[in-house]
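The sequence shown begins at 2 in my numbering and counts up one residue at a time.
I have placed the structure first, in the form of structure tokens, so that the comments after it can refer back to it.
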Amino acid sequence: MWASVIAAGIGGLASYLAGWWPSIVQAVKEVWIFLGATSPISHWVVAALALLALPTFVVGVMLAWQLVRPTPASRPDWHGYTEDNFFGLRWRWRFFDDGNIWDIHTFCPHCDFQVFPQNASAWDAVDRIRFKCDSCHSELGQFQEAFEAVESKTKRFIQQKIRNGAWSGSDAEAVQANGQTQ
2 MWASVIAAGI GGLASYLAGW WPSIVQAVKE VWIFLGATSP ISHWVVAALA LLALPTFVVG
62 VMLAWQLVRP TPASRPDWHG YTEDNFFGLR WRWRFFDDGN IWDIHTFCPH CDFQVFPQNA
122 SAWDAVDRIR FKCDSCHSEL GQFQEAFEAV ESKTKRFIQQ KIRNGAWSGS DAEAVQANGQ
182 TQ
């Protein structure tokens with residue numbers, strides 16, 4: 002309620018300061034004279050034509066609004082975010098309908114060959130894995146943890162990027178600068 006009153010007050014003040022009040026008063030007078038004047042066409046016909054023209058005007062305003070306003074469909078869908086680099090590896094995955102990540106795989110960032118974790122520990126009790134590309138022979142990194150832990154961290158980084166909007170590329174450089182991805 003008060004927003005309307007304030008908006009009307011601001012509009013009135015702006016009109017006064019711009020010197021539009023004489024023009025506004027003149028336009029209202031002319032409309033009043035037109036409505037009161039006699040015409041060879043009945044006023045009910047003019048009113049009916051105005052009512053028929055009103056939907057056309059409303060549809061035109063709605064179409065203009067749709068062109069100006071961004072729709073949710075025009076925004077990128079995060080379900081298309083299925084590839085990124087984390088920990089020096091390229092990761093690819095898919096989403097279930099509920100948004101959970103599945104079918105996650107690692108690839109060499111140099112030649113795009115699929116790579117698998119290899120045991121890099123001399124002892125069975127110590128989790129240490131490494132990734133080496135069988136195609137280009139690149140050493141892609143060692144981890145002092147099991148592959149499941151690295152995969153879990155990667156899934157959480159993916160979810161974090163989706164929550165923060167960094168998946169679209171706009172904030173990807175900032176996330177990389179923080180050392181979270183490579």
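Positions of the beta carbon are idealized from the N, C-alpha and C atoms, including for glycine.
Who are the Cβ neighbours of residue 82 in its own chain at under 6 Å, not counting the five residues just before and after it?
168
Check your understanding: From residue 152 to residue 70, what distance separates their C-alpha atoms?
Key -> 40 Å
#### Entry: Bridge partner(s) assigned by DSSP for residue 140
133
Just the Cα atoms here: how many angstroms apart are residue 16 and residue 95? 58 Å
Notebook entry, point to check: Which residues in the same chain as residue 162 place their Cβ atom closer than 6 Å to its Cβ, once the five residues preceding and following it in sequence are excluded?
Noted result: 168
Can you give me the C-alpha to C-alpha distance between residue 122 and residue 160, rounded to a whole angstrom? 30 Å
Under a Cβ-count criterion, where at least 16 other Cβ atoms within 10 Å of its own Cβ denotes burial, should residue 157 be classed as buried or exposed? exposed
task: Taking residue 132 and residue 64 to be in contact with their CB atoms under 8 Å, please state how far apart those CB atoms are, rounded to whole angstroms.
output: That belief does not hold up - the Cβ atoms of residue 132 and residue 64 are roughly 54 Å apart, past 8 Å.
| request: Could you tell me which residues DSSP puts in a beta bridge with residue 103? | output: 95
If you run the structure through DSSP and keep just helix, strand and coil, what is residue 26?
helix
On the three-state DSSP scale, how would you describe residue 127?
-> coil
- What three-state label does DSSP hand residue 119 in the structure shown? strand
Proximity of residue 88 and residue 155 at Cβ, strictly below 9 Å
yes
Per DSSP, cross-strand counterpart(s) of residue 87: 90
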